[in-house]
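Written below as structure tokens is the structure these notes are about.
Number of protein chains: 2
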Amino acid sequence: MRRSDHTRAAILAAARERFASDGFERATIRAIAADANIDPSMVMRYYGNKEKLFAAAAEFDLRLPDLSGTPADRLGAVLAGHFMDRWEGDETLIALLRAAVTQQAATERIHAIFAGQIGPLVARVAPDPAEAPARSGLLATQILGFALCRFILKLPPVVGLDREAAVAWIGPTIQRYLNGIP
Amino acid sequence: MRRSDHTRAAILAAARERFASDGFERATIRAIAADANIDPSMVMRYYGNKEKLFAAAAEFDLRLPDLSGTPADRLGAVLAGHFMDRWEGDETLIALLRAAVTQQAATERIHAIFAGQIGPLVARVAPDPAEAPARSGLLATQILGFALCRFILKLPPVVGLDREAAVAWIGPTIQRYLNGIP
DNA sequence: GATCGAAGTCAACACCTGTTGGCCTACACT
DNA sequence: AGTGTAGGCCAACAGGTGTTGACTTCGATC
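These protein sequence lines are chains L and Y, in that order. Under my numbering, the first residue of the first sequence carries the number 1, and numbering increases by one thereafter. Under my numbering, the first residue of the second sequence carries the number 1, and numbering increases by one thereafter.
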């Protein structure tokens, strides 16, 4: 059972990389298998089919920090910094975003992440609980929009921002969406 | 030459629809031809290949309004409203965005749109010309992020916003990116 | 050392894709 | 009416895809 765990992990790592750089349809099982140095049929044996492989590769946790000790007026900056780091270090979210544009399952995964991870956090800090869903949706537009432009579309001025400048610009926007007024 | 113009246009309309709803790779020439009620080989005859067809279908003008008469503090609201209308009425930008995630040519088209249409507008209203590229990049993150969440990912809270609420929330963000301070 | 099951390989399947070339059809012009 | 040409259709090709099943190899257990 040892050897199989190793190749299982190799497949998953290769899949994440391919899905992230090529998207769901252009990432072929043959290419993933080649990256993992095994036969394509192994992928099927371990993960059933391509969709299930993607589902396994797109398992993702935003690892949102505990904000209970953060002053209310620093929330935006802290969150902006956190997301910045989270994306640079883990290509899974980029794979997810790339795939979500055409793949229903990936879209649903993103819905779940926002409902299960972003939503509760926003509900805790939003002034009026009734507004929490709208606020977390707006948060999503800015955060995903930034990731889209920086990591996928690679718009030069957005790629050119350093971490500090990005946080300085995006932070206040997030802050307003969290607990500011329209 | 008359009859051909008609089918040329039918192909283009069908292509736009398919590219918008399915993305570049899942939109097949056969499906587009079927929608246009012609043979797949006609698509090749008129547009050469799939990439050129996409290039023709993704021809796009943001039709940005003349903002010279708009007070500086109303720019964000006016632009937010304009983009809102532009997207509802023309699925071309959604096709472009969906395709850009995996298709190099579409990415370059988006780069060109922002360099050629958004950039100059921002340069005209930004307080410091040197900041203009960064400001237009930030503008892009918010605008494309909103379109992504509303029209492609269809995040429920973002879909649920009506035009008025969306402009009220997004407008000030755009305003700050245009001529505000970090 | 023989045995049994897991791990891995090979070749092939059925299908779908973009793309091509040959053929038919109908209309405008003389 | 005959003819040339552009518009349109059919059938097929070559290549790539996810997926499958039979075969081989390896390692641990008795």
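Idealized CB from N, CA, C, for every residue including glycine.
DSSP three-state assignment for residue i, whether helix, strand or coil
| i | result |
| --- | --- |
| V125/Y | helix |
| D35/Y | helix |
| V78/L | helix |
| E108/Y | helix |
| R63/Y | coil |
| D22/Y | helix |
| A130/Y | helix |
| V101/Y | coil |
| D162/L | coil |
| N49/Y | coil |
| S68/L | coil |
| A27/L | coil |
| D85/Y | helix |
| G180/Y | coil |
| D5/Y | helix |
| H17/L | It is worth fixing the name first, because residue 17/L is Glu in this sequence and not His. The answer is helix: DSSP assigns E17/L an H, G or I state. |
Minimum C-alpha distance to residue i - residue among the options
| i | options | result |
| --- | --- | --- |
| A10/L | D39/L, V125/L and E25/L | D39/L |
| G23/L | V101/L, Y177/L and P65/L | V101/L |
| G235/Y | R8/Y, C149/Y and I143/Y | It is not possible to answer for residue 235/Y, since the shown part of chain Y is limited to 1 through 182. |
| W169/Y | Q142/L, S41/L, E164/L and R86/L | Q142/L |
| L96/L | E51/L, D66/L and A31/L | E51/L |
| P157/L | L138/Y, Y177/Y and I181/Y | L138/Y |
| P65/L | D85/L, T173/L and I29/L | D85/L |
| S68/L | R124/L, L161/L, R3/L and E108/L | R124/L |
Beta-carbon proximity list for residue i, same chain, < 8 Å, skipping 5 on both sides
| i | result |
| --- | --- |
| D73/Y | Q175 |
Same chain only: Cβ atoms within 7 Å of residue i, ignoring 5 sequence neighbours per side
| i | result |
| --- | --- |
| S136/L | F114, I118, G119 and V122 |
Neighbourhood of residue i by C-beta distance below 6 Å, restricted to the same chain and skipping five residues each side
| i | result |
| --- | --- |
| R98/L | G23 |
| T173/L | Q142 |
**Asked** Which residues, in order along the stretch 89–113 of chain Y, keep a beta-carbon less than 7 Å from a beta-carbon of chain L?
**Response** Within the stretch 89–113 of chain Y, the qualifying residues are R98, A100, V101, T102, T107, I110 and H111.
**Message:** To be precise: take each residue of the stretch 20–46 of chain Y, compare its Cβ to all Cβ atoms of chain L, and keep it if any distance is under 9 Å. Which residues remain?
**Reply:** Listed by position, the residues of the stretch 20–46 of chain Y near chain L (Cβ gap below 9 Å) are D22, G23, F24, E25 and R26.
**Within 9 Å of chain Y by C-beta, residues of the stretch 143–163 of chain L in sequence order** = For the stretch 143–163 of chain L, which is checked against every Cβ of chain Y, the residues closer than 9 Å are I143, L144, G145, F146, A147, L148, C149, R150, I152, L153, K154, L155, P156, P157, V158, V159, G160 and L161.
**Asked** What residues from the stretch 117–143 of chain L come within 7 Å of chain Y, judged by C-beta to C-beta, listed N to C?
**Response** The residues in question are P133, A134, S136, G137, L138, A140, T141 and Q142.
**Item:** Interface residues of the stretch 62–91 of chain L facing chain Y [CB-CB below 7 Å]
**Value:** Against chain Y - using a Cβ distance shorter than 7 Å - the stretch 62–91 of chain L contributes no residues.
**Prompt:** Given a limit of 8 Å on CB to CB distance, which residues of the stretch 166–178 of chain L reach chain Y?
**Reply:** Listed in sequence order: A168, W169, I170, P172, T173, R176 and Y177.
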